[in-house]
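S.K.: Quick note, the numbering used here runs 4 ahead of the 1-based positions in the sequence shown.
Glycine included, C-beta positions come from ideal geometry on N, C-alpha and C.
Keep in mind that this is a model prediction, so the values were computed, not measured.
Submitted below is the structure of interest, expressed as structure tokens.
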Amino acid sequence: MMKKKFRLVQICLVGAGVTILHIQLQLYFSLNYNHDQQEQQQQPHSIASGRTNNINVPTVAAFNNSTTTALSSTNHHHPNTTTTTSNCAINLYGLPRAFASIVLPSMITNIIRHNPTCDYFVHAYNLTQPEGAGRSGQGGTVHVHELLLLRKEVHAVNPQARVQVTWEPEADFWHRYGDLIRKIHTDPDPKDPTKRRFYPHRAKSYRFPMTVDNILKMWHSIESVWRLMMQYNLNQQYVRVAMLRSDVCYLTPIDVWSNGTDGILDKDNKVVIMPGFGRFPVSDRIIIGPYHAVEPWAIHRFDHLEDHASYMEANHSGWTLHSERFVRYTVLPQITSQQEQQFKIVEHSQMCFVRARADESLWMTDCFIGNPQPDILPHLYNFSTPNGGGIPPQHRSAVRATVESVLRRPCVPGTWSKPAKYGPHLALTCRRQTEEGDGEIQ
5 MMKKKFRLVQ ICLVGAGVTI LHIQLQLYFS LNYNHDQQEQ QQQPHSIASG
55 RTNNINVPTV AAFNNSTTTA LSSTNHHHPN TTTTTSNCAI NLYGLPRAFA
105 SIVLPSMITN IIRHNPTCDY FVHAYNLTQP EGAGRSGQGG TVHVHELLLL
155 RKEVHAVNPQ ARVQVTWEPE ADFWHRYGDL IRKIHTDPDP KDPTKRRFYP
205 HRAKSYRFPM TVDNILKMWH SIESVWRLMM QYNLNQQYVR VAMLRSDVCY
255 LTPIDVWSNG TDGILDKDNK VVIMPGFGRF PVSDRIIIGP YHAVEPWAIH
305 RFDHLEDHAS YMEANHSGWT LHSERFVRYT VLPQITSQQE QQFKIVEHSQ
355 MCFVRARADE SLWMTDCFIG NPQPDILPHL YNFSTPNGGG IPPQHRSAVR
405 ATVESVLRRP CVPGTWSKPA KYGPHLALTC RRQTEEGDGE IQ
């Protein structure tokens with residue numbers, strides 16, 4: 005089996021010729037997105053009700069971004085138009101758990117085919133050891149080289165699309181941010197010296213210091229893939245950008261030009277899309293929108309850390325480096341404060357994706373928790389449950405069938421389990437059938 009894998013990589017490298025060398029193999033990778041939250045908290049600011057939620061974000065003066073040039077609606081084209089130039093970029097960040105068996109097949113079904121004019125950029129860390137069990141599941145081996153398979157699938161839809169992949173040793177991250185990490189680990193809370201200033205001690209699912217360390221790893225990966233994209237954005241051709249995780253199974257189609265309602269395009273390029281689930285109080289997992297709106301989400305997080313800490317100490321004590329609250333109180337105000345742009349933040353009414361783990365299991369309850377939009381479950385599964393209610397046993401076969409339809413293969417062995425000590429998760433094991441035929445489908 006290993007010989008076949010190495011032969012596949014060799015074929016990809018030879019077939020791509022000199023172009024594949026642009027993939028910049030800087031050896032990068034190791035995001036344990038263990039910071040993902042399963043706890044539910046009351047939303048401190050109201051979000052408008054309705055089929056699609058519009059987030060009203062108060063401007064925080066300290067976080068104003070530099071002014072940018074407004075994009076005219078004539079400066080871009082939509083994916084259903086004919087063009088020879090990519091006008092959008094899809095950026096993948098994170099640890100690519102089960103990328104070849106789960107993530108990439110779901111991208112083929114629900115992302116690549118729906119966005120034929122986009123270029124792709126990827127950043128990761130290189131794990132030299134198998135991932136251990138913890139808040140992100142049972143652990144397992146992460147094969148970073150599987151990211152190279154993305155190129156073939158993208159070029160099957162658009163041979164001219166650019167696909168750039170880069171990864172780095174995890175040790176590089178620790179070396180670069182060592183002083184900051186030590187500060188975050190040790191600075192005392194000014195209101196209670198027995199607690200740490202930056203650590204969100206009110207977040208019951210967080211574990212010190214792992215969770216906050218992984219948030220910082222995520223920030224670095226997000227910023228790195230953005231800067232990789234910028235190396236090829238010399239003519240400002242990317243007017244629409246998606247920042248997506250590389251460790252999830254995309255269960256519903258994602259059109260980067262959507263305005264948040266399926267089938268309707270954002271013709272004025274003013275709408276910013278966020279998930280309508282996992283809202284603690286907003287989701288931190290992906291974002292899609294105009295280039296200048298997505299930019300504050302992707303870069304400068306480290307630059308705003310100190311100001312964010314001061315703001316949270318004064319207004320939301322005990323939640324300083326809580327990932328979703330950082331997005332809510334520091335990132336989103338930078339987007340909405342661009343008055344000349346008049347960007348509108350929308351939580352998608354039907355989007356659903358679930359986290360894939362290194363052992364090829366899927367956390368199928370991801371779209372069931374975090375105050376999900378009411379249309380998500382009926383649209384995907386034809387049933388609904390209360391917020392955080394889980395998947396009733398009588399509906400599990402339908403949920404499994406949905407996954408198998410997206411992946412275009414059966415889930416082996418297709419069993420259900422509770423994968424983590426923290427949170428109300430239910431996992432579906434969805435391994436590939438081996439050549440020997442082991443793993444009967446239940």
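What is the C-beta distance between Leu325 and Pro204, in whole angstroms, given that I count them as a contact (C-beta under 8 Å)?
M.R.: Their Cβ separation, rounded to whole angstroms, is 5 Å, which keeps Leu325 and Pro204 in contact under 8 Å.
S.K.: With respect to the beta strand (DSSP E) encompassing Thr419, which residues constitute its N-terminal and C-terminal limits?
M.R.: Val416 to Ser421
S.K.: Quick test of the definition: if touching needs 3 or more C-beta pairs under 8 Å, does the stretch 390-400 touch the stretch 332-340?
M.R.: no
S.K.: Determine, using beta carbons only, whether Leu411 and Met368 come nearer to each other than 9 Å.
M.R.: no
S.K.: Would you tell me roughly how many angstroms separate the C-alpha atoms of Ala128 and Thr389, rounded to the nearest one?
M.R.: Separation of Ala128 and Thr389 (C-alpha to C-alpha, rounded to the nearest whole angstrom) is 35 Å.
S.K.: In or out: Ala160 buried (at least 16 other Cβ within 10 Å) or exposed?
M.R.: exposed
S.K.: Is DSSP giving Tyr333 helix, strand or coil here?
M.R.: helix
S.K.: Ignore the nearest five residues each way along the sequence and tell me which others in Leu275's own chain have a CB closer than 7 Å to its CB.
M.R.: First, the amino acid is wrong: residue 275 is Val here, not Leu. So the list reads Asn263, Gly264, Gly293, Lys348 and Val350, once near-sequence residues are dropped.
S.K.: Quick one: any contact between the stretch 107-125 and the stretch 164-182, if contact means 3 or more CB pairs under 8 Å?
M.R.: Remark: three or more beta-carbon pairs, one from each stretch, lie closer than 8 Å, so the stretch 107-125 and the stretch 164-182 are flagged as touching.
S.K.: So, with DSSP's three-state summary, where would you put Met278?
M.R.: Correct three-state label for Met278: strand.
S.K.: Spell out the partners DSSP gives Gln168 in its beta bridges.
M.R.: Phe125
S.K.: Is the stretch 353-362 touching the stretch 244-255, taking contact as three or more C-beta pairs under 8 Å?
M.R.: Yes, since at least three Cβ pairs between the stretch 353-362 and the stretch 244-255 fall closer than 8 Å, the two stretches touch.
S.K.: Do you know offhand how far Arg435's Cα is from Val403's?
M.R.: 16 Å
S.K.: Could you check whether Asn130 and Trp4 sit closer than 9 Å to each other, using their CB atoms as the reference points?
M.R.: As displayed, the chain neither begins before 5 nor continues past 446, which places residue 4 out of reach and without an answer.
S.K.: Measuring only the C-alpha atoms, how far is His312 from Val298?
M.R.: 19 Å
S.K.: Taking the beta strand (DSSP E) that Glu351 belongs to, which residues open and close that run?
M.R.: Lys348 to Glu351
S.K.: Tell me Gly392's beta-bridge partners as DSSP assigns them.
M.R.: BP columns for Gly392 are empty, so no partner.
S.K.: If you run the structure through DSSP and keep just helix, strand and coil, what is Arg211?
M.R.: Coil at Arg211, not helix or strand.
S.K.: Only counting the same chain, and skipping five residues up and downstream in sequence, which positions put a Cβ closer than 8 Å to that of Val158?
M.R.: Residues Ile116, Tyr124, Ala165 and Val167 of the same chain have their beta carbon placed closer than 8 Å to that of Val158, with the five preceding and five following residues left out of the count.
S.K.: According to DSSP, what are the bridge partners of Tyr295?
M.R.: In the DSSP output, where bridge partners are listed per residue, Tyr295 has none listed.
S.K.: Please return the same chain residues whose Cβ sits closer than 8 Å to the Cβ of Met111, not counting the five positions on each side in sequence.
M.R.: Leu154, Glu157 and Tyr254
S.K.: Count the C-beta pairs between the stretch 233-249 and the stretch 91-103 that are closer than 8 Å, then say yes if the count reaches three, no if not.
M.R.: yes
S.K.: Going by alpha carbons, who is nearest to Ser341 out of His296, His189 and Arg101?
M.R.: His296
S.K.: Enumerate in chain order the residues of its own chain whose CB-to-CB distance from Arg231 is below 8 Å, with the five nearest sequence positions on each side excluded.
M.R.: Ile303
S.K.: Report yes if the CB atom of Gly280 is closer than 9 Å to the CB atom of Asp370, and no otherwise.
M.R.: no
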